[in-house]
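Notes to accompany the following structure.
In the working numbering, the protein residues as written are 3 to 293.
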């Protein structure tokens with residue numbers, strides 16, 4: 003047994019030395035491969051019971067056309083779009099995607115969820131800010147079943163998994179909050195509220211802690227005693243200073259970090275999020291428009 007243990011220990015040691023050797027001599031190639039995989043990822047919304055969640059899918063290439071096609075195929079695979087749907091053409095200029103589908107686009111089981119999933123997924127692609135949908139060359143101006151009018155351009159303000167805390171038709175604002183479901187997939191939720199001079203960053207933290215308006219069980223990983231002490235925005239970077247309840251067993255968990263960071267980055271124009279506790283730096287993450 004001791005001999006077997008010794009051989010195993012030698013094997014593990016040898017493997018670690020081999021990995022150290024590779025990392026030392028070929029760091030650029032390894033980093034390039036990792037960056038290539040990340041850049042080829044797209045976030046796609048899928049149906050989960052009575053809500054939509056977000057998964058990450060790897061594309062064959064990093065070009066926009068491949069990402070668009072991958073998103074559409076994933077939405078078809080998840081039955082949010084009809085299996086016979088085809089992209090007839092598309093044009094992308096200055097962040098505006100004009101995409102034309104065949105008439106199978108009208109075959110939707112739930113047109114609201116389909117539109118939310120389609121708009122959200124496509125606008126997660128860094129090069130795409132807004133979209134126009136056409137069917138057989140004709141602009142889609144309303145939802146086919148409910149005849150709900152659509153804006154000329156559709157962007158992230160279209161919303162997803164929408165919840166409303168509205169007491170007046172005036173001064174309405176929105177934020178996108180990110181929770182986790184039981185499968186640990188991220189669930190984006192668009193929260194509509196009356197602004198009433200409320201601070202948007204404080205609204206995000208408050209609603210991430212409470213999520214009392216949700217009709218389905220989600221996790222937020224934020225302690226109810228968590229308080230945002232202060233924040234500062236400069237050069238598309240936000241510095242968030244919390245009290246000690248940001249940590250779980252002395253650590254800033256990935257779930258907490260990304261739930262807060264995604265929610266802020268989807269709601270205000272920043273690309274870098276830095277966390278501190280009582281003004282002491284603990285972690286910094288940089289997120290592009292789509293990670």
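A virtual CB, placed ideally from N, CA and C, is assigned to each residue, including glycine.
Which of the three DSSP states, helix, strand or coil, is assigned to residue 114? In the structure shown, residue 114 sits in a helix (DSSP, three-state: H, G or I).
Range covered by the beta strand (DSSP E) that runs through residue 148: No beta strand (DSSP E) holds residue 148; DSSP gives it neither H nor E.
Indicate whether residue 158 and residue 116 have their beta-carbon atoms separated by less than 7 Å. No, the Cβ-Cβ distance between residue 158 and residue 116 is not below 7 Å.
Identify, in the order they occur along the chain, each residue of the same chain with its Cβ nearer than 7 Å to the Cβ of residue 271, setting aside the five sequence neighbours on each side. For residue 271, where only same-chain residues beyond five positions count, the Cβ hits under 7 Å are 238.
Does residue 248 come out as helix, strand or coil in the three-state DSSP assignment? Residue 248 carries a helical assignment under DSSP once its states are collapsed to helix, strand and coil.
Return the CA-CA distance between residue 235 and residue 244, expressed in angstroms with no decimal places. Going from the Cα of residue 235 to the Cα of residue 244 covers about 15 Å.
Check whether residue 191 and residue 183 have beta carbons under 7 Å apart: Cβ distance not < 7 Å, so residue 191 and residue 183 don't count as in contact.
Starting from the C-beta of residue 141, find all residues in its chain whose C-beta is less than 7 Å away, skip the five residues before and the five after it, and write them out in chain order. Excluding positions up to five away in sequence, the list reads 134.
Grouping DSSP H, G and I as helix and E and B as strand, with all else coil, what is residue 141? In the three-state DSSP reduction, residue 141 falls in the strand class (E or B).
Can you tell me the Cα-Cα spacing of residue 1 and residue 107, whole angstroms? Examination of residue 1 is not possible in this model, given that the chain is present from 3 through 293 alone.
With which residues is residue 165 paired in a DSSP beta bridge? According to DSSP, which records beta bridges pairwise, residue 165 is partnered with 193.
Segment limits, beta strand (DSSP E) that includes residue 261: Careful: residue 261 lies outside any beta strand (DSSP E), inside the alpha helix (DSSP H) at 256-267.
Could you check where the alpha helix (DSSP H) with residue 176 kicks off and where it finishes? Unbroken run through residue 176 is the beta strand (DSSP E), 174-182; no alpha helix (DSSP H).
Three-way DSSP call (helix, strand, coil) for residue 98 in this model: Of the three classes helix, strand and coil, the one that applies to residue 98 here is strand, per DSSP.
I need the straight-line Cα distance from residue 53 to residue 163, nearest angstrom please. Here the C-alpha atom of residue 53 lies approximately 6 Å from the C-alpha atom of residue 163.
Check residue 234 in the structure and name its three-state DSSP category. In this structure, residue 234 counts as strand in the three-state DSSP scheme.
Opening and closing residue of the alpha helix (DSSP H) in which residue 74 lies: For residue 74, the enclosing alpha helix (DSSP H) starts and ends at 66-79.
Minimum C-alpha distance to residue 209 - residue among 61, 81, 283 and 261: Ranking 61, 81, 283 and 261 by Cα distance to residue 209 puts 261 first.
Helix, strand or coil: how does DSSP classify residue 123 here? Residue state, collapsed to three classes: helix.
Could you have a look at residue 223 and say whether DSSP puts it in helix, strand or coil? Coil, per DSSP.
Continuous beta strand (DSSP E) stretch holding residue 54: start and end: For residue 54, the enclosing beta strand (DSSP E) covers residues 53-60.
Considering only the beta carbon of each residue, do residue 72 and residue 47 sit closer than 7 Å? Not closer than 7 Å, so no.
Name, in chain order, the residues that DSSP records as bridge partners for residue 43. Looking at the DSSP output, residue 43 bridges to 60.
Mind checking whether the beta-carbon of residue 166 lies closer than 6 Å to any heavy atom of the ligand PLP? Annotation note on the ligand PLP: not contained in the displayed structure, which lists no ligands.
Tell me, please, which residues DSSP counts as bridged to residue 92. DSSP, once it has assigned bridges, lists 101 as partnering residue 92.
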